[in-house]
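Chains as they are written, first to last, in my numbering: chain A, 1 to 125; chain B, 126 to 250. Please read the structure below before turning to the comments.
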């Protein structure tokens with residue numbers, strides 16, 4: 001049968017808060033990965049299309065919220081100004097992504113039931 | 126041991142989209158319940174602290190996104206201008222709340238593992 005409307009889609013956003021701070025969310029996870037790939041906060045910021053200042057503030061918020069550095073200045077070498085994502089930072093991103101995936105999977109499993117329930121009188125749902 | 130920081134908390138927001146429209150989300154679910162309780166769109170809007178126009182637009186978006194009315198004018202009686210949440214509307218809210226709860230439960234189950242992983246070197250997480 002012809003489908004007139006696009007499908008119902010799931011939009012699930014997970015954030016971890018500590019008090020007023022967002023410790024981890026979609027944007028911060030992306031930023032950490034961008035910093036890890038670029039090897040610097042400025043490179044990560046560029047990749048994300050955000051200012052260095054904004055990236056730096058997000059990093060500062062994460063470091064404070066987790067009570068330990070997720071990103072820190074690279075020591076040694078001659079990279080001057082480089083930064084690296086710490087083991088804790090990588091673990092935090094990985095765990096966050098996993099929680100998000102698991103939550104999404106649960107909703108995806110439940111969605112057909114919702115569509116069936118709502119679609120009794122309509123075939124387009 | 127003394128806890129210096131508030132706990133890590135989960136902030137999970139589920140939305141169902143159809144194309145550009147948000148078919149259902151936290152605000153729309155609250156609004157539907159407020160309309161159901163008040164018996165009118167204007168009463169529901171008041172309860173939500175939003176304008177009638179905004180509530181009406183949200184209702185219109187939902188009705189369009191689900192392809193059938195979730196809210197409709199009350200027929201008969203002398204209530205003049207009253208509105209009711211349809212069976213489909215009630216089912217949609219109920220199913221949405223359930224999906225949200227189930228997703229939250231999954232994340233809540235996973236959070237202690239994340240805290241343990243991150244907390245190896247810190248006791249405050």
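We put the CB at the ideal spot given by N, CA and C, even for glycine.
For residue j and residue i, the rounded distance between their alpha carbons
i, j, result
"residue 163 (chain B)", "residue 173 (chain B)", "11 angstroms"
"residue 112 (chain A)", "residue 94 (chain A)", "28 angstroms"
"residue 217 (chain B)", "residue 118 (chain A)", "7 angstroms"
"residue 221 (chain B)", "residue 82 (chain A)", "45 angstroms"
"residue 71 (chain A)", "residue 59 (chain A)", "7 angstroms"
"residue 130 (chain B)", "residue 104 (chain A)", "29 angstroms"
"residue 33 (chain A)", "residue 165 (chain B)", "48 angstroms"
"residue 181 (chain B)", "residue 108 (chain A)", "29 angstroms"
"residue 215 (chain B)", "residue 114 (chain A)", "12 angstroms"
"residue 146 (chain B)", "residue 175 (chain B)", "19 angstroms"
"residue 52 (chain A)", "residue 42 (chain A)", "5 angstroms"
"residue 241 (chain B)", "residue 189 (chain B)", "45 angstroms"
"residue 54 (chain A)", "residue 31 (chain A)", "11 angstroms"
"residue 231 (chain B)", "residue 99 (chain A)", "8 angstroms"
"residue 193 (chain B)", "residue 19 (chain A)", "41 angstroms"
"residue 25 (chain A)", "residue 150 (chain B)", "18 angstroms"
"residue 134 (chain B)", "residue 62 (chain A)", "14 angstroms"
"residue 171 (chain B)", "residue 46 (chain A)", "44 angstroms"
Per-residue DSSP class, three states only, for residue i
i, result
"residue 195 (chain B)", "coil"
"residue 24 (chain A)", "strand"
"residue 7 (chain A)", "coil"
"residue 250 (chain B)", "Low confidence applies here, because residue 250 (chain B) scores a pLDDT of 47, under 50, leaving its location unreliable; read the following figure in that light. Of the three classes helix, strand and coil, the one that applies to residue 250 (chain B) here is coil, per DSSP."
"residue 165 (chain B)", "coil"
"residue 119 (chain A)", "coil"
"residue 173 (chain B)", "helix"
Whole-angstrom C-beta distance between residue j and residue i, which should lie under 8 angstroms
i, j, result
"residue 137 (chain B)", "residue 14 (chain A)", "5 angstroms"
"residue 152 (chain B)", "residue 160 (chain B)", "Residue 152 (chain B) to residue 160 (chain B), Cβ: 12 angstroms. No contact."
"residue 132 (chain B)", "residue 110 (chain A)", "Residue 132 (chain B) to residue 110 (chain A), Cβ: 28 angstroms. No contact."
"residue 199 (chain B)", "residue 209 (chain B)", "5 angstroms"
"residue 191 (chain B)", "residue 154 (chain B)", "Wrong, their Cβ atoms sit about 13 angstroms apart, outside the cutoff."
Contact test: residue i Cβ vs the ligand FMN heavy atom, cutoff 8 angstroms
i, result
"residue 150 (chain B)", "This structure lacks the ligand FMN, and indeed carries no ligand of any kind."
For residue i: DSSP bridge partner residues
i, result
"residue 15 (chain A)", "B:136"
"residue 84 (chain A)", "A:72"
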